[in-house]
Amino acid sequence: MLDSVRAMRRAVCPGSYDPATNGHLDIVERAAALFDEVVVAVLINPKKQGLFTVEERLDMLREVTRDLPNVRVDSWHGLLVDYCRKHDIAAVAKGLRSVSDFDYELQMAQMNRELSGVETLLMSNNPAYSFLSSSLVKEVATYGGDVSGMVPEVVHERLKAKLPQQR
Ligand code: PNS
């Protein structure tokens, strides 16, 4: 009975998602199995010129998460902790690819907790995706390398449309 009235447990999976990779999707799916609701939030960084516009990234994310009923997609300009406060989100869920990710992720987790009390869940990445990053995918795709197994189909289609070298 009490369960039915307890507060929704919400998490956010933040990132640039320029573009989303299979590694991102794996983390979003696993977070969705742990929380009542997961928001995939595209954090807008005005200092970074992206390959895809924020709208394009949101479109692709909506498409790849459309079979996950407790996942929604949003964008935010500003501090992640302010987004969490505004939307009553208690946890940040992120993937850890390697020890080299760890230092930076730990620093951000500690800063976010200091600022707002929000917890961070660092999930071990599927080893099959530990070499994947959006930047490497873009670089490989720019020079015509095959990234079809590294990103969802809809992302691959968009990369092909954007980069003539990508087949
Ligand atoms: O996909 P990325 O670029 O590695 O994601 C990094 C991101 C967007 C999660 C991080 O830069 C972030 O949280 N930016 C929002 C601004 C903010 O809150 N900065 C303080 C972090 S402690």
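Going by the numbering used here, the letters in the sequence shown line up with residues 16 to 182, in that order.
Glycine included, each C-beta is placed from N, C-alpha and C at the ideal position.
Are the CB atoms of L174 and V152 nearer to each other than 9 Å?
yes
Locate the alpha helix (DSSP H) running through R45, then write down its first and last residues.
37–49
Since R25 sits in a beta bridge, which residues does DSSP pair it with?
R25 pairs with E52.
Who are the near neighbours of R182 in its chain, counting only those whose CB is closer than 8 Å to its CB and skipping five residues on each side?
G159, D161, K175
Label L49 either buried or exposed according to how many other C-beta atoms from any shown protein chain fall within 10 Å of its C-beta, with 16 as the threshold for buried.
exposed
Residues in its own chain within less than 7 Å of I77 by CB, not counting five upstream and five downstream?
Note on residue identity: the sequence assigns Arg, not Ile, to residue 77. Around R77: V88.
When we look at the beta-carbon of M23 and count the other beta-carbons within 10 Å, is it buried (16 or more) or exposed?
M23 should be labelled exposed.
Run through the stretch 106–170 for me and flag every whole alpha helix (DSSP H) of 4 or more residues, listed as ranges in chain order.
114–131, 149–157
Just grab the DSSP bridge partners of S90 for me.
V57
Look at the alpha carbon of D118 and the alpha carbon of D82, and state the distance between them as a whole number of angstroms.
33 Å
With a threshold of 8 Å on Cβ separation, who are the neighbours of L111 within its own chain once the five nearest residues in sequence on each side are excluded?
F117, E120, L137, M138, S139, N140
Measure the beta-carbon distance from P29 to F67 and round it to whole angstroms, keeping in mind my assumption that it falls under 8 Å.
Incorrect: roughly 16 Å between the Cβ atoms, too far for contact.
What is the rounded straight-line gap between the Cα of Y98 and the Cα of E134?
14 Å
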